[in-house]
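Take a look at the structure below.
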Amino acid sequence: MAKILIIGACGQIGTELTKKLRSIYGTDAVVASDVRKGDPAFVASGPFEVVNALDFNQVEDVIEKHGVEDVYLMAALLSATAEKNPAFAWDLNMNSLFHVLNIAKAGKIKKIFWPSSIAVFGPTTPKQNTPQFTVMEPSTVYGISKQSGERWCEYYHNIYGVDVRSIRYPGLISWSTPPGGGTTDYAVDIYHKALSDGKYTCFLSKDTRLPMMYMDDAIRATVEIMQAPAENVKIRSAYNLSAMDFTPTEIAEAIKKEIPDFTIDYEPDFRQKIADSWPQSIDDTSAREDWGWKHDFDLTAMTTDMLEHLK
Ligand code: AKB
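The sequence shown begins at 1 in this note's numbering and counts up one residue at a time.
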């Protein structure tokens, strides 16, 4: 049976991805792993291993033990946390990737998924409809690590034939798992606070437009790029991926349609500078043409679904 290993399975994307892959390939075919055990119900829901992504031997041992063919490397420090701990962010985001790329280079696994981000772009990048190929001068630790990672993915593919696939995720919004240390996290917090308090103080300014995506779409994109025939995955750095973009004011307006008394105010903090360095919207024509990407959720559909589930 084809075995899949998810490293960083207890995080925001990892939890959802584990559930989705188990529903497609069967529970026993998908090994979840993380540096520590998370939610007991999740850990008990299928094969689970404690794996430190920075320990090459641990990663290799678990791959050999389970006969793993495909690895999804989801462990990373996100933008806001990375600014507070640059050295560790660089270590984790780069060396975990090198471990997996080198295991693939040695022929021990077949395919890798590694997430990139809109953070690869920087203040000198065109902000609207940011093209797939454009100026990339990231100004955050996280963005620098993701851009370097993209270069290494493409290099390992071109030079060693490693089948590595990647997506530049926008901000991701999910009702079931909390985000962890990102600049786009406000777009999750706002729904929770709208229901619990009827008001929200946003750490970004009211007109800060950012590209965003509902988790259902992000998980589907991840599965689809990994299922695509190798020859269709023509870009081996990472694909631009788009679904919607909005400002804090616009998401507040969408929430107000369902919770009329909801109010928002603004107290921008250090994350404003990070957000200001990122694109406002993304051109994902390459993903649509190469492997058929198509999003389902816009702001209205996402807001209805989020509030329904969180209630
Ligand atoms: C973050 O805000 O750091 C992440 C991202 C855009 O990659 N959600």
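The C-beta atom is built at its ideal place from N, Cα and C for all residues, glycine as well.
Take the Cβ of residue i as the centre, count every other Cβ of all protein chains shown within 10 Å, and call the residue buried at 16 or more, exposed below.
i	result
Val397	With the chain covering only 1 through 311, there is no way to say anything about residue 397.
Lys3	buried
Asp217	buried
Ala76	buried
Phe270	exposed
Leu157	This sequence places His at residue 157; Leu is not what is there. His157 is buried by the Cβ-count criterion.
His295	buried
Phe262	buried
Asn240	buried
Ala12	Reading off the sequence shown, one finds Gln at residue 12, where the question assumed Ala. By the 10 Å Cβ count, Gln12 comes out buried.
Val135	exposed
Arg168	buried
His99	buried
Gly181	buried
Pro178	exposed
Phe133	exposed
Ser117	buried
Ile159	exposed
Gly107	exposed
Glu150	buried
Arg236	buried
Gly26	exposed
Ile28	Contrary to the premise, residue 28 reads as Asp rather than Ile in this sequence. Under this definition Asp28 is an exposed residue.
Ala230	exposed
Gly14	buried
Thr222	buried
Asp39	exposed
Ser196	exposed
Please name the residue in the options whose C-alpha comes closest to that of residue i.
i	options	result
Asn93	Ile144, Asp189, Met136	Ile144
Ser139	Asn57, Ile255, Ser148, Ile235	Ser148
Asp298	Pro211, Leu54, Glu224	Pro211
Gly198	Lys206, Ala221, Lys257, Pro170	Lys257
Val238	Lys146, Val141, Cys10, Glu60	Note that residue 238 is Ala in the sequence shown, not Val. Among Lys146, Val141, Cys10, Glu60, the Cα nearest to that of Ala238 is on Lys146.
Ala119	Ile274, Asp283, Ala287	Ile274
Val68	Ala44, Asp55, Ser33, Pro86	Ser33
Val141	Asn85, Val35, Gln132	Asn85
Ala187	Gly171, Gly26, Asp283, Gly161	Gly171
Thr249	His66, Ile235, Ile264	Ile264
Gly292	Val35, Glu224, Cys202, Tyr200	Glu224
Thr125	Glu231, Arg288, Cys10, Pro279	Pro279
Leu204	Lys65, Arg288, Asp189, Asp70	Asp189
Gly66	Ala80, Phe48, Phe56, Glu83	Rather than Gly, the amino acid found at residue 66 in this sequence is His. Considering only alpha carbons, the answer is Phe48.
Glu289	Ala301, Val233, Thr304, Thr303	Val233
Met215	Met226, Ser277, Thr303	Thr303
Arg165	Val30, Pro115, Gly122, Leu195	Pro115
State the CB to CB distance for the pair residue i and residue j, rounded to an integer number of angstroms; the pair is presumed to be in contact (CB under 8 Å).
i	j	result
Met213	Ala243	4 Å
Ile219	Leu5	Between Leu5 and Ile219 the Cβ distance is about 17 Å, and since that is not below 8 Å, they are no contact.
Thr184	Thr247	Incorrect: roughly 12 Å between the Cβ atoms, too far for contact.
Trp152	Leu97	7 Å
Val162	Ile112	7 Å
Ala82	Ala89	3 Å
Ala53	Val62	At roughly 11 Å, the Cβ-Cβ gap does not stay under 8 Å, so Ala53 and Val62 are not in contact.
Pro123	Ser281	Wrong, their Cβ atoms sit about 16 Å apart, outside the cutoff.
Met306	Tyr155	With 8 Å as the limit, Met306 and Tyr155 do not qualify as a contact, their Cβ atoms being about 39 Å apart.
Could you check whether the Cβ of residue i sits closer than 8 Å to any Cβ belonging to chain B?
i	result
Pro131	Absent from the structure: chain B. Only one protein chain is present.
Quick one: complete alpha helix (DSSP H) runs, 4+ long, within the region 40 to 95? 40 to 43, 56 to 66, 79 to 84, 86 to 90
Ignoring anything shorter than 4 residues or poking outside the region 206 to 256, list the alpha helix (DSSP H) runs there in chain order. 215 to 227, 248 to 256
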